[in-house]
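Take a look at the structure set out below.
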Amino acid sequence: MNQTNTPITSMKPAIRVLIAIAATGVSLKAAPFLAVGDSAELFLTGTTGIRADDNILLASNKTSDVIYNVAPGFDFVYGHNALYSGHIYYQESWDFYSDNHKLNTDLSSVGLDGSYNDQKTKVHYAGSWAQLAQNTVDVRANNLVRRDVGNVLLNGEVSVTDKSSIAAGVNYNTVDYKRAGFDSSKITEVPLDYYYEVTPKTDLSAGLTFRDTKLDTGIDSKDYFYNIGARGEFTPKLTGTVAVGYTVRDLSAGPSRNTFGIDSSLAYALDEKTSVQFGVTNDFGVSGQGDTQRNLTATVGVQSKISPNLSVGTNLTYRSIQYFGTLGRSDDYFEGSVNATYIVNAIVSFTGSYTYRDYSTKLVDSSFTNNVFAIAANFRY
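If you want it as structure tokens, here you go:
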């Protein structure tokens, strides 16, 4: 559950064992570890991997290392062909650093994701809790930053007429930092949307999303996103959701802020095997230190299924970060990746990826670049 100092050499035999299990997976049947009646199944899951990271702390002065990971767990799937369906999962993840043994970690994650659907009423519910010890562009220090993150989500949609529906929900997120210099947060988001069917496959929408952000030491805020949009199948090949509007941030101290708001997620099918996913968002946020941000993010990705067993993909993300608490500060972040997945059978798969990150800022000694190569064997039985 906490950081450990176990030498890397003690873990290599376990990694060899899991790799051997994955290698022999081709002879195993694709069946659950345990069937519970006719509508529930328990699967054992696991990942063993290795990654080469040339900047493990995402710092201007790089520290490189090779990290071994072992992550066993389980996935309980319930509600096959029922009104209620979903799954409950748990994972214990160990990272072992070849050189920087003091960064070794043992971290847990647990969660629930499910839905209810009777055609007229749709409900999505989820909850999760995870221990993290990985630096990001927003959360960095001269060591790995330990934190616990939690989420509870409940969204529902009910038909009002044959052509209209109302959707509402609550999304609660917490971040609890385990070291000084960071500002823990509790964020509650409440969306309310009205949908009207204009074609059998497309809806127009009007909505308001309220968000309340409470910080341990920083300035609290309340956000209001007034929006109109659309969702569904816009053409035979283009699907997704788009919402555009106006966002206001009221601060507990200081002047209010406002910005053009957009939240979009679209997919375009190039052919039966290849699709392009893209989206743009512009919204307020909060940094790990509690500063108010405005984030403009653009993403594009391509996924292609080369064969029934092999798929490849690439993803690009650009993010412009404006800090209102620091006069004139505007940072740029770029991330690109390529990945491949080979499915041996329903039990075993292998993944490989390369990720490049580039962060530019006016802050002294804070810009960085990062290259990560990773491979992993995954099993589900």
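Using the working numbering, read the sequence shown as starting at 350 and increasing by one per residue.
The C-beta atom is built at its ideal place from N, Cα and C for all residues, glycine as well.
Quick caveat, the model's predicted, so the values are computed rather than measured.
So, helix, strand or coil for Thr373, using DSSP?
-> Position 24 of the sequence shown, counting from 1, holds the residue named residue 373. Because Thr373 sits at a pLDDT of 38, beneath the cut-off of 50, its placement in the model cannot be relied upon, and the following sentence gives the value as read from the coordinates. The answer is coil: DSSP assigns Thr373 none of H, G, I, E or B.
Could you check how far apart the C-beta atoms of Glu441 and Pro421 are, in whole angstroms? I think they sit under 8 Å.
-> Along the sequence shown, one-based indexing puts residue 441 at 92. Along the sequence shown, one-based indexing puts residue 421 at 72. About 6 Å; that satisfies the 8 Å criterion.
From Thr562 to Ile577, what does the alpha carbon distance come to, in whole angstroms?
-> As a working note, residue 562 is residue 213 in the sequence shown. As a working note, residue 577 is residue 228 in the sequence shown. Near 23 Å, if we compare the C-alpha coordinates of Ile577 and Thr562.
Taking the DSSP output, what are the residues bridged to Gly770?
-> Any property of residue 770 remains undetermined from this structure, which presents the chain solely from 350 to 730.
7 Å CB neighbourhood of Asp448 in its chain, flanking five on each side removed | Within the sequence shown, the letter at position 99 stands for residue 448. Here the set comprises Asp414.
Range covered by the beta strand (DSSP E) that runs through Lys571 | As a first step, residue 571 must be located in the sequence shown, where it is residue number 222. Note, Lys571: beta strand (DSSP E), 570-582.
If I'm right that Val459 touches Trp443 with Cβ under 8 Å, what's the distance once you round it to whole angstroms?
-> The sequence position of residue 459 within the sequence shown is 110, counting from 1. The sequence position of residue 443 within the sequence shown is 94, counting from 1. In fact, because the Cβ distance is near 16 Å, the residues do not count as touching under 8 Å.
Is it true that the CB of Thr648 sits closer than 8 Å to the CB of Asn631?
-> Locating residue 631 in the sequence shown gives position 282, counting from the first residue. Locating residue 648 in the sequence shown gives position 299, counting from the first residue. Cβ distance not < 8 Å, so Asn631 and Thr648 don't count as in contact.
Confirm, please, whether the CB-CB distance from Ser686 to Ser702 is below 8 Å.
-> Position 353 of the sequence shown holds residue 702. Position 337 of the sequence shown holds residue 686. Yes. Within cutoff.
Looking at the structure shown, is Lys378 part of a helix, part of a strand, or coil, going by DSSP?
-> Position 29 of the sequence shown, counting from 1, holds the residue named residue 378. The predicted position of Lys378 is uncertain, since its pLDDT is 38 and thus under 50; a value taken from the coordinates is nonetheless stated next. Three-state DSSP puts Lys378 in coil, outside helix and strand.
Counting along the chain, where does the beta strand (DSSP E) carrying Tyr691 start and finish?
-> Translated into positions along the sequence shown, residue 691 becomes position 342. Its beta strand (DSSP E) spans residues 679-692.
C-beta atoms of Tyr573 and Gly556 nearer than 8 Å = Within the sequence shown, numbered from 1, the residue matching residue 573 stands at position 224. Within the sequence shown, numbered from 1, the residue matching residue 556 stands at position 207. Contact flag unset, no.
Where the beta strand (DSSP E) containing Ile399 begins and where it ends | Residue 399 sits at position 50 when you count from the first residue of the sequence shown. 389-402 is the extent of the beta strand (DSSP E) around Ile399.
Minimum C-alpha distance to Ile724 - residue among Tyr708, Phe717, Tyr691, Val713 = As a first step, residue 724 must be located in the sequence shown, where it is residue number 375. Ranking Tyr708, Phe717, Tyr691, Val713 by Cα distance to Ile724 puts Tyr691 first.
For the beta strand (DSSP E) that contains Ile724, what are its first and last residues?
-> Locating residue 724 in the sequence shown gives position 375, where the first residue counts as 1. 717-729 is the span of the beta strand (DSSP E), which, as asked, contains Ile724.
Report the partner residues of Asp612 according to the DSSP bridge assignment.
-> Counted from its first residue, the sequence shown places residue 612 at position 263. Answer is Ala592, Thr630.
Quick one: what does DSSP say Lys654 is sitting in, helix, strand or coil?
-> Looking up residue 654 in the sequence shown gives position 305. Reduced to three states, the DSSP call for Lys654 is strand.
First through last residue of the beta strand (DSSP E) which encompasses Thr523 = For the purposes of this step, residue 523 is identified with residue 174 of the sequence shown, where counting begins at 1. Where Thr523 is concerned, the enclosing beta strand (DSSP E) stretches over 513-526.
Exposed or buried, which one is Arg528 when buried takes at least 16 other CB atoms within 10 Å?
-> Here residue 528 refers to the residue found at position 179 when the sequence shown is read from its first residue. Counting Cβ neighbours within 10 Å, Arg528 comes out exposed, since fewer than 16 surround it.
Beta-carbon of Arg495 versus every beta-carbon of chain B: anything under 8 Å?
-> Although the question refers to chain B, the structure presented lacks it and comprises just one protein chain.
Report the rounded CA-to-CA distance for Phe633 versus Thr704, giving the unit in angstroms.
-> Reading the sequence shown from its first residue, position 284 is the one you call residue 633. Reading the sequence shown from its first residue, position 355 is the one you call residue 704. If I take the Cα positions, the gap works out to 26 Å.
Could you check if Gln480 is buried or exposed, using at least 16 other CB atoms within 10 Å of its CB as the buried criterion?
-> By 1-based counting over the sequence shown, the position of residue 480 is 131. With 16 or more Cβ atoms within 10 Å of its Cβ, Gln480 is classed as buried.
Whose C-beta lies closer than 8 Å to the C-beta of Arg400 among residues of the same chain, with five residues either side of it excluded?
-> In the sequence shown, residue 400 corresponds to position 51, counting from 1. Annotation for Arg400: Val415, Ile416, Asn418, Val721, Phe722, Ala723, Ile724 place their beta carbon closer than 8 Å to its own, counting only its chain and skipping 5 residues before and after.
Assumed close pair Gly639, Thr523 - CB separation to whole angstroms, cut-off 8 Å | Here residue 639 is taken as the residue at index 290 of the sequence shown, counted from 1. Here residue 523 is taken as the residue at index 174 of the sequence shown, counted from 1. With a Cβ gap of about 14 Å, Gly639 and Thr523 do not count as contacting.
Lys563 - DSSP class collapsed to helix/strand/coil | To locate residue 563, count along the sequence shown from 1; it is residue 214. The answer is strand: DSSP assigns Lys563 an E or B state.
Are there three or more Cβ pairs, one per stretch, closer than 8 Å when the region 532-543 is compared with the region 504-517?
-> At 8 Å Cβ cutoff, the stretches touch.
Let me know the secondary structure DSSP gives Ile364 once reduced to three states.
-> The residue given as residue 364 occupies position 15 in the sequence shown. Bear in mind that a pLDDT of 42 at Ile364, under 50, signals an unreliable position, so the number given afterwards is only what the model happens to contain. Three-state result, Ile364: helix.
Skipping 5 residues on each side, what residues in its chain have a beta carbon closer than 7 Å to that of Lys512?
-> Within the sequence shown, numbered from 1, the residue matching residue 512 stands at position 163. Cβ neighbours of Lys512 beyond the five flanking positions: Tyr545, Glu546.
DSSP beta-bridge partners of Leu452 = On the sequence shown, residue 452 is found 103 positions in, with the first residue counted as 1. None; Leu452 has no bridge partner.
Does the count of Cβ pairs from the region 426-440 and the region 405-413 closer than 8 Å reach three?
-> No contact exists between the region 426-440 and the region 405-413.
Should Leu383 go down as buried or exposed, given a rule of 16 or more other Cβ atoms within 10 Å for buried?
-> Here residue 383 refers to the residue found at position 34 when the sequence shown is read from its first residue. When all chains shown are included, Leu383 counts as exposed.
Tell whether a beta-carbon distance below 8 Å holds between Gly435 and Leu407.
-> Along the sequence shown, read from residue 1 onward, the residue named residue 435 stands at position 86. Along the sequence shown, read from residue 1 onward, the residue named residue 407 stands at position 58. Not a contact, by the Cβ cut-off of 8 Å.
Length of the line joining the Cα atoms of Ala728 and Thr396 = Counting from 1 along the sequence shown, the entry for residue 728 is found at position 379. Counting from 1 along the sequence shown, the entry for residue 396 is found at position 47. With the sequence shown as reference, residue 728 is identified as Phe, and Ala is not the correct amino acid for it. Cα to Cα, Phe728 sits roughly 6 Å from Thr396.
Three-state secondary structure assigned by DSSP to Gln483 | The count along the sequence shown starts at 1 and reaches residue 483 at position 134. The DSSP-derived three-state label of Gln483 is coil.
Buried or exposed (CB count within 10 angstroms, at least 16 for buried), Val385 | The residue given as residue 385 occupies position 36 in the sequence shown. Exposed, because fewer than 16 other Cβ atoms sit within 10 Å of the Cβ of Val385.
Can you check whether the CB of Lys586 is closer than 8 Å to the CB of Ala618?
-> The residue you call residue 618 lines up with position 269 of the sequence shown. The residue you call residue 586 lines up with position 237 of the sequence shown. In contact: Ala618 and Lys586 (Cβ atoms closer than 8 Å).
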